[in-house]
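Novice:
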Amino acid sequence: MRIRNLDIGLESITRWDVADEVHLPRDGTSAPAFMPQYRPLEEILQRPSLDERLPEFLRPATVDPDLLDPTALADARVGARSAFVERSLSASGRSRDILEQAATLLGADIGLDDEIRSALAALLRA
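Be aware that the sequence shown starts at 1, since it is given in this note's numbering, and climbs by one per residue.
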């Protein structure tokens, strides 16, 4: 059995570069502050109540930018109204009443759109 020397270590640096010595920032700024990440377990344990979640279900997270155009919004209302009318014809009972009420509300909005357009046209003519 052969016993080796116990003083094995680094004898020399064979590939030394000036950039190897630059490892700290020159201006001496401190490291960024530690910010713990929000853990998924906390999301499960601290779920929002129904009162907090209900507005999120009713209010869309993003709005289609095309709907900001008045003519596109009016066309969307007409399309939604026709879809509600079509669905109410095949529905029955309470769901039919609800769909008819939604179509009636959209019809009133469409009527208001027409009144606004005619009033704006009259203002532009004057």
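Glycine included, C-beta positions come from ideal geometry on N, C-alpha and C.
1. Short check: CB of Ala80 to CB of Leu106, under 8 Å?
2. Give the secondary structure of Arg15 by DSSP, where H, G and I count as helix, E and B as strand, and everything else as coil.
3. Are Ile110 and Val78 touching if we call contact CB-CB under 8 Å?
4. May I ask which residues mark the beginning and end of the alpha helix (DSSP H) holding Arg94?
5. Distance, Cα to Cα, Arg125 vs Asp51?
6. Compare the beta carbon distance of Ala91 and Leu99 with 8 Å and say whether it is the shorter of the two.
7. Are the beta-carbon atoms belonging to Leu67 and Ala74 less than 8 Å from one another?
8. What span of residues does the alpha helix (DSSP H) with Arg53 cover, start to end?
9. Quick check: what's the CA-CA separation for Val63 versus Asp69?
10. Using the rule of at least 16 other Cβ atoms within 10 Å of the residue's Cβ for burial, across every protein chain shown, is Ala121 buried or exposed?
11. Less than 8 Å separating the beta-carbons of Ser88 and Arg94?
Specialist: Taking the structure as given:
1. As a working note, residue 80 is residue 80 in the sequence shown. As a working note, residue 106 is residue 106 in the sequence shown. Result yes, Cβ atoms of Ala80 and Leu106 sit closer than 8 Å.
2. Residue numbering aside, residue 15 sits at position 15 when the sequence shown is read from its first letter. Arg15 falls in the coil class under three-state DSSP.
3. Here residue 110 is taken as the residue at index 110 of the sequence shown, counted from 1. Here residue 78 is taken as the residue at index 78 of the sequence shown, counted from 1. A contact, by the Cβ cut-off of 8 Å.
4. By 1-based counting over the sequence shown, the position of residue 94 is 94. Here the alpha helix (DSSP H) through Arg94 covers 94-125.
5. As a working mapping, residue 125 is identified with position 125 in the sequence shown. As a working mapping, residue 51 is identified with position 51 in the sequence shown. Going by the C-alpha atoms only, they are around 49 Å apart.
6. By 1-based counting over the sequence shown, the position of residue 91 is 91. By 1-based counting over the sequence shown, the position of residue 99 is 99. Here Ala91 is near Leu99, since their CB atoms are less than 8 Å apart.
7. In the sequence shown, residue 67 corresponds to position 67, counting from 1. In the sequence shown, residue 74 corresponds to position 74, counting from 1. Their beta carbons are not under 8 Å apart, which means Leu67 does not touch Ala74 by this criterion.
8. Looking up residue 53 in the sequence shown gives position 53. Unbroken alpha helix (DSSP H) run through Arg53: 50-58.
9. Numbered from its first residue, the sequence shown carries residue 63 at position 63. Numbered from its first residue, the sequence shown carries residue 69 at position 69. So the two alpha carbons sit approximately 12 Å from each other.
10. The residue given as residue 121 occupies position 121 in the sequence shown. So Ala121 ends up on the exposed side.
11. Stepping through the sequence shown from its first residue, residue 88 is reached at position 88. Stepping through the sequence shown from its first residue, residue 94 is reached at position 94. The answer is no: Cβ separation not under 8 Å.
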